[in-house]
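**Q**
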Amino acid sequence: MKIFATRLACLRYRSLGVQHQRGADAGAQVLGIGRNPQQRLGGHVDGSLTRLAWSIELNSSKADARGCLGDKSEGRTGPAAAGRSVSCEDAVMHLLLGHSWDSCCAGVLARLEARGLPARIVPAPLTPPARLVWRLDAAGLASRLSWDEQEAELASVLVRGTGWLDPAGWDPADHAYMQAEMLAATLAWLTGLPCPVVNRPSAALWYRGRASLMTWRMLLRRCGLPVPEQLVTNDPAKARTFGHHLAALGVAGAVYTPLTGEAGYLVATDAGWQGLIAVQARTPVCLSEPHGAPRPACIIGGQIVWDCDPPLEVRALEPRLRQLAADAGLDFLEVAVAPVRRGLAVVRVDALPVLEHFAPPAQSRILDALTALLVPATAPHAALDAP
Amino acid sequence: MILVCGGLADGVTELVCARLADFGYRYRLLDLAHYPASYCVVWHWTDAGPAGVISGPDWTLDLDAITGVYVRFLGPEGRMPPEGDPVVAAALQFEADAGLMALLDDLPCPVVNRIGAGMSNNSKPYQALLLRRAGLNVPATLVTSDPAAARAFQHEQGEVIYKSMSGVRSIVRRLGPDQLARLAFLRHGPAQFQAFVPGRNVRVHTVGDRVFATRIETEAVDYRYAHLDGLDVAMKPATLPAAVEAACLRAARDLDLLFAGIDLKEKPDGEYVCFEVNPCPGFIYYERHTGQPISAAVADLLNGSKTRRLA
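Chains G and L, in that order, give the protein sequences.
Residue numbers are given in this note's numbering: position 153 of the first sequence equals residue 153, and the series is strictly consecutive.
Residue numbers are given in this note's numbering: position 56 of the second sequence equals residue 443, and the series is strictly consecutive.
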């Protein structure tokens, strides 16, 4: 079988020799916040008197910096950042939780506006000048969010981000605390919204956003979806044996994919295998069998949009792909299917689909389907506790 | 064979190991303080689940032979000091832990607890929604960045406490005049307020389908830190009303937690209110005060034993 070293935005094969010391990327450190809460206990117990949310003392430089945020940050006040300003008449709106540079948000915003529906891209909905009042008591949940002193009645929400708090002006320790607090509040707020929320997150998804294919394996298997053969090892001889095993089956090399990163590196030369040994001296590595040209697809509600019209054997996977999205509790999911030596396999799953993985006609269909989910006859996954 | 992943310097992990040894349940300790440097792992996934081995200094454990896993990840303070660039070392440690988490998530045996199951603890208000759905009462809770709303909440509820929303641990404190004077800081982001619930703290540990309730007597707002205020703490085994016990088990099951620490309060009128669920409970504190066989239940759960065997 001919193996394509295809470059995808999220799967880059590079020379291992150059990159092997890079290790995990910043995303891993972001994930660290949620992955192991115990990691942070000690320091914050000691410093708890100054770590308690709103009682944090702001030094003057931070206070100054915070004062500037309204001018500098996206989605807070200005039309340039938020796509458009919201007037009093626009109080019922569709909220796109993400960035204006995200083509998914931008494309959906354009479609909603073309229908005359008020919409707004907001990267961090709970940061100033937003005012949140979220109350849970015996009567149920009541939630109110205001921007610019104007209450935002939400018609729908598309979740494309988690609301990253701008670190400018923050002491790093205080920023880490406030970021964790903001993530916690945003998750609860999204969970309880009574309006349709596309990709309403569970805690597991919220705190492990761009999980590796390895993390999806159990769910994929449950849905009857094949996955490439993978090996995790810090034994150089076993890694090399895996390479020989693949070579004997006519597959050249193996793909090294850090579990906390998004890049993939084809290991096919002696220099590459030597580089891998250097990494294995510090951590187990994840090797996968290489695959052929990936065929991306988006699952949007019950609809599946392929990048280009797939052959029948690929289309035959559609019911299982729908099942995958349903079992993951997601309305909007990207997968990539590719040939491996035993047939077809799912080689990528992403809860934050990347529109640029698709050609313009498919992009258009995805955005249309996504927009339809936000202004639906049938709502996406329901709120956990509607008022 | 049971796999214990934790640090020997961690008292909870040490107690689990001791109890397994007491009962003659065979186990292997993967000491996370020395992972991955002191271990060799070979984990192979095809279309089925994982296969392969973990090898320690003087043992090799086949994944197929694992009947249960107890895991308690360590913070940086529990690890060996990093070699070389600390940023690179931390990234590589994350990578090693990610591989182990992926393995534990995919093992077919009971895992106490899987990583994804514990994520709800990073958002207390989110968890409160889940607890309420499981049938537990939760205290009136306000998450707000609006000072006026916080003031109104206090006016309505009378006594109010505040605490962190995230997984970052904080000491629960009463909202007093000093804090009310600083409500303007709420403009930087929302904080969590709760109606103060009078009554007695009750800590519940669910282990599979077993329940251990411990009543805590103290004058402190947050009994975990009573000593900081010079206050005493007394603990006694308690029996929960059947409906509350069932709701605790339902909450743990809904959260996919085989072992959970659930914080309740019993109000003077007998009503129970739930504050949160801890997915990695440090139960040693309660077991030592009361003699409740929590570690024995964990050992039995890991071994697949239904019958409690006391040491």
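For every residue, glycine included, the Cβ atom is placed at its ideal position computed from N, Cα and C.
Small disclaimer: the values here were computed from a predicted structure and weren't measured.
Checking the sheet assignment: what are the DSSP bridge partners for G/L154?
**A** The beta-bridge partner set that DSSP reports for G/L154 consists of G/M93.
**Q** Note down the Cα distance separating G/H44 from G/Q363, rounded to an integer number of angstroms.
**A** Its pLDDT being 25, under 50, G/H44 is placed unreliably in this model, and the value from its coordinates should be taken loosely. Approximately 45 Å between the Cα atoms of the pair.
**Q** Quick one: residues in its chain with C-beta nearer than 7 Å to the C-beta of G/W216, no 5 flanking neighbours on either side, listed in chain order?
**A** V349
**Q** I want to verify the contact list: residues of chain L whose CB lies under 8 Å from the CB of G/G192, in sequence order.
**A** L516
**Q** Please give the ranges of any alpha helix (DSSP H) in the stretch 156 to 206 of chain G, keeping only runs that are unbroken, at least 4 residues long and fully inside the region.
**A** 172 to 192
**Q** Which class does L/Y426 belong to by DSSP, given the choice of helix, strand or coil?
**A** coil
**Q** Three Cβ pairs or more, each shorter than 8 Å: is that satisfied between the stretch 465 to 483 of chain L and the stretch 276 to 289 of chain G?
**A** Touching, per the Cβ criterion.
**Q** Give a yes or no on whether 9 Å exceeds the smallest Cβ distance from L/F646 to chain G.
**A** Not a single CB atom of chain G sits nearer than 9 Å to the CB of L/F646.
**Q** Can you list, in chain order, the residues of its chain with a C-beta nearer than 7 Å to that of G/L187? Leave out the 5 residues immediately preceding and following it.
**A** P201, A203 and W206
**Q** Looking at L/V620 and the ligand NAP, is the gap between the Cβ and the nearest heavy atom below 8 Å?
**A** Looking for the ligand NAP in the displayed structure turns up nothing, as the structure carries no ligands at all.
**Q** Could you say which of L/R406, L/I603, L/V474 and L/V456 lies nearest to L/L644 if we only look at CA atoms?
**A** L/V456
**Q** Figure out for me which residue from G/L219, G/V267, G/V279 and G/I277 has the closest Cα to the Cα of G/Q323.
**A** G/Q323 has its Cα closest to that of G/L219, out of G/L219, G/V267, G/V279 and G/I277.
**Q** Taking the alpha-carbon positions, what's the L/A578 to L/H592 distance?
**A** Here the alpha carbons of L/H592 and L/A578 stand approximately 28 Å from one another.
**Q** Rounded to whole angstroms, how far is the Cβ of L/N524 from the Cβ of L/V660, which I believe are closer than 8 Å?
**A** 5 Å
**Q** Assign G/A396 to buried or exposed, taking buried as 16 or more other Cβ atoms, counted over all protein chains shown, within 10 Å of its Cβ.
**A** As shown, chain G starts at 1 and ends at 387. That puts residue 396 of chain G outside it, with no answer to give.
**Q** Cutting at 8 Å between CB atoms, please list the residues of its own chain near G/L249, excluding the five before and the five after it.
**A** Non-local C-beta neighbours of G/L249 in its own chain, meaning closer than 8 Å and more than five positions away in sequence, comprise R341, ordered along the chain.
**Q** Could you compute how far the alpha carbon of L/Y412 sits from the alpha carbon of L/P680?
**A** 16 Å
**Q** If we cut at 9 Å on Cβ distances, does L/C392 have a partner in chain G?
**A** no
**Q** Please work out which residues of its chain come closer than 8 Å, Cβ to Cβ, to L/D397, disregarding the five sequence neighbours upstream and downstream, and give them in chain order.
**A** Once the five neighbours on either side are set aside, the close Cβ partners of L/D397 are R459, L461 and G465.
**Q** Please tell me whether G/F332 and G/I304 are closer than 9 Å, where the distance is taken between their beta carbons.
**A** Going by C-beta atoms, G/F332 is not nearer than 9 Å to G/I304.
**Q** Going straight from the alpha carbon of L/L494 to that of G/L373, what length do you get?
**A** 36 Å
**Q** DSSP on G/L58, reduced to helix/strand/coil?
**A** Confidence in G/L58 is poor, its pLDDT being 28 and thus under 50, which makes the residue's placement too unreliable to answer from.
**Q** What separation, rounded to the nearest whole angstrom, lies between the Cα atoms of G/L317 and L/L416?
**A** 42 Å
**Q** According to DSSP, is G/E229 part of a helix, a strand, or is it coil?
**A** coil
**Q** Is there at least one Cβ from chain G nearer than 9 Å to L/L697's Cβ?
**A** Note that L/L697 scores a pLDDT of 40, beneath 50, so its modelled location is shaky and nothing firm can be said.
**Q** Taking the Cβ atom as the reference point for each residue, do G/L193 and G/A239 lie within a distance shorter than 9 Å?
**A** No, they are not a contact pair.
**Q** In terms of residues, what are the limits of the beta strand (DSSP E) holding L/M622?
**A** Element bounds for L/M622: A621 to A625.
**Q** In chain order, what residues of the stretch 542 to 557 of chain L put their CB closer than 8 Å to some CB of chain G?
**A** Listed by position along the chain: Y549, K550, S551, M552, S553, G554, V555, R556 and S557.
**Q** Cutting at 8 Å between CB atoms, please list the residues of its own chain near L/D641, excluding the five before and the five after it.
**A** L517, R520 and A521
**Q** Does chain L have any CB closer than 9 Å to the CB of G/R200?
**A** no
**Q** Taking only beta-carbon positions, decide if G/T260 is within less than 9 Å of chain L.
**A** yes
**Q** Is L/T400 close to chain G? Criterion is C-beta to C-beta, closer than 9 Å.
**A** no
**Q** Residues of chain G with CB closer than 7 Å to the CB of L/C427, please, in chain order.
**A** N234 and D235
**Q** What are the residues in the stretch 490 to 512 of chain L lying within 8 Å of chain G by C-beta distance?
**A** L490, D492, D493, I502, G503, A504, G505, M506, S507, N508, N509, S510, K511 and P512
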